[in-house]
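In the order they appear, the protein sequences are chains A and B. The first sequence begins at 1 in my numbering and counts up by one. The second sequence begins at 84 in my numbering and counts up by one. Glycine included, every Cβ here is placed at the ideal spot set by N, Cα and C. Structure record follows, encoded as structure tokens.
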Amino acid sequence: MTVQIVGMGCQKCKLLEQHVREAVSELGLDAVVEKISDMGAIATMGVMSTPALAIDGKVKSAGRVLTKEQVKAYLTDGKFVAL
Amino acid sequence: MQVIWNFLQAQVLGMRWLDDVVGALLAVAGIDTAKRLGGSLRFFLYDTIKILTLLSVLIFIISYVQSHFPPERTKRILGGFKGIGANAASALLGTLTPFCSCSSIPLFIGFTNAGLPVGVTFSFLISSPLVDLGALVLLIGAFGLKIAIAYVVVGLLLAIAGGTILDRLGMEKYVEKFAAPAGAIDISEPELSRADRLLYAKEQMLATLQKVWPYVIAGVGIGALIHNWIPEAWIQTVLGQDKPFSVILATLVGVPMYADIFGTIPIAEALFAKGVGIGTILSFMMAVTALSLPSMIMLKKVVKPRLLGAFIGIVTVGIIIIGYTFNALGFLFVA
């Protein structure tokens with residue numbers, strides 16, 4: 001599983017990354033966490049509000065600093081919620 | 084009707100009762116609010132509590148409304164408009180779409196890749212920080228309904244005119260191109276339940292409060308300083324109605340400054356109380372909120388200097404025109 005944090009590095013993006021890393025380690029998942037901060041790459045993903053969260057290349061949430069618990073929900077059942 | 088409205092404006096939006104409570108509490112504490120220091124303290128406490136309270140309630144309500152207008156939907160709606168209608172729709176949606184300056188680049192690229200004209204995107208980028216539903220309510224409390232509505236209307240007109248002019252100038256070629264997503268991508272409109280929207284509204288409220296409280300404190304602090312410590316004569320010398328350059332000065336001082344609209348209102352209110360012209364005040368507020376160094380540095384990454392320069396020039400000139408117009412017609416708005 002690849003979990004991507006999409007954003008150009010603002011405060012909110014860092015917060016989301018922290019929540020993602022905590023969620024992954026608490027769930028004991030074998031997942032790669034990476035950051036997408038290149039403008040071109042963000043555009044190609046079609047993300048219009050950051051920070052966004054993508055799992056295995058699919059954007060799952062955008063424009064929202066998810067809490068650790070919310071990230072866990074995405075990692076386990078993968079429903080899509082924007083904003 | 085008039086009585087009800089006056090009550091609403093003074094006590095609910097203006098929270099005058101809070102001023103009385105703060106005054107009474109300070110009196111109990113042995114602080115004379117008729118004196119300068121006590122008066123400053125009273126103004127500071129009253130204004131800080133008032134703005135942060137109204138802000139919390141407003142952001143919550145607004146975020147709930149905004150949850151219906153994610154940028155993906157706004158982009159799709161705008162695709163259905165042509166010409167100046169698209170600029171107008173873009174300016175209006177700019178006030179409704181949740182937007183943070185840190186997202187301005189992905190949003191810009193998203194709009195551009197959807198084939199929206201550059202002017203339509205700029206109409207959005209001008210109106211979004213400038214015209215805010217929360218600001219409208221705070222402005223009603225501070226200056227009354229007429230000025231608040233005037234602010235919103237001219238703000239929208241500036242966004243529409245600015246975007247339209249950029250289109251006419253043929254600025255399209257000065258936008259950096261980025262690869263569009265290959266094929267349809269899976270960011271459809273979300274299915275949100277009412278509980279999701281309420282949760283979103285709560286998160287937004289907390290996040291916004293966390294972000295803006297330093298600006299509110301700073302704004303109120305400067306407001307209190309102007310209110311009680313700076314002689315009216317000084318302010319009149321620089322920004323008085325009879326000074327021909329007051330609007331230009333207020334605009335040029337405001338442009339590089341970055342502050343939230345909510346932090347700007349207390350300063351504007353204090354200047355207004357010192358007899359500064361309403362046009363000069365509107366110019367200052369608009370310059371501070373619409374243009375700022377951080378947002379220009381961001382935009383520089385997606386547009387060429389020529390377009391950025393045109394954008395800054397048009398908005399600055401527009402704000403100056405608005406200022407002089409309101410100073411000339413101020414008698415219509417100031418009761």
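Query                                                                                                                     : Result
Which listed residue (A:A23, A:I36, A:A73) has its alpha carbon closest to that of C10 (chain A)                          : A:I36
Extent of the continuous alpha helix (DSSP H) to which K35 (chain A) belongs                                              : Counting along the chain, K35 (chain A) falls outside any alpha helix (DSSP H), though it belongs to the beta strand (DSSP E) covering 32 to 36.
Opposing strand residues paired with L53 (chain A) [DSSP bridges]                                                         : A:I5, A:S61
Cα-Cα separation between G163 (chain B) and N170 (chain B), rounded to whole angstroms                                    : 12 Å
Spatial neighbours of A411 (chain B) in its chain, beta-carbon cut-off 8 Å, leaving aside the 5 residues before and after : G362
Beta-bridge pairing of V400 (chain B) - partner residues as DSSP gives them                                               : Paired residues: none, contrary to the question.
Any chain A beta carbon closer than 8 Å to L190 (chain B)                                                                 : yes
Buried/exposed call for G396 (chain B), threshold 16 Cβ in 10 Å                                                           : exposed
Proximity winner among B:A172, B:F143, B:I167, B:L135, relative to R156 (chain B) (alpha-carbon distances)                : B:A172
Three-state secondary structure (DSSP) of K24 (chain A)                                                                   : Contrary to the premise, residue 24 (chain A) reads as Val rather than Lys in this sequence. In the structure shown, V24 (chain A) sits in a helix (DSSP, three-state: H, G or I).
Reduced DSSP secondary structure (H/G/I, E/B, other) of V258 (chain B)                                                    : strand
Interface partners of G193 (chain B) on chain A, CB under 8 Å                                                             : A43, G46, V47, M48
Residue-chain proximity (F261 (chain B), chain A), Cβ-Cβ < 8 Å                                                            : yes
P57 (chain B), enclosing alpha helix (DSSP H) - first and last residue                                                    : Because chain B here runs from 84 to 418, residue 57 (chain B) falls outside it and cannot be looked at.
Beta-carbon proximity check, P154 (chain B) vs L208 (chain B), cutoff 8 Å                                                 : no
Inter-residue spacing [alpha-carbon to alpha-carbon] between A93 (chain B) and F126 (chain B)                             : 16 Å
Any C-beta of chain B under 8 Å from that of M1 (chain A)                                                                 : no
DSSP-derived helix/strand/coil call for V338 (chain B)                                                                    : coil
is_contact[G401 (chain B), chain A] using C-beta, thresh 8 Å                                                              : no
Residues near A327 (chain B) in its chain [Cβ-Cβ closer than 8 Å; skip 5 each side]                                       : For clarity, residue 327 (chain B) is Pro in the given sequence; the question names Ala instead. Cβ within range, chain order: n/a, list empty.
V386 (chain B) (DSSP reduced to helix, strand or coil)                                                                    : strand
Buried or exposed by the 16-neighbour rule on C-beta atoms within 10 Å, applied to A316 (chain B)                         : exposed
Collapsed DSSP secondary structure at H19 (chain A) in the structure displayed                                            : helix
Own chain, CB closer than 6 Å to L101 (chain A), minus 5 neighbours either side, in chain order                           : In the structure displayed, chain A extends from 1 to 83; residue 101 (chain A) sits before or after that span and is not available.
Cutoff 8 Å: K68 (chain A) Cβ touching any chain B Cβ                                                                      : no
Test: K12 (chain A) CB closer than 8 Å to a CB of chain B                                                                 : yes
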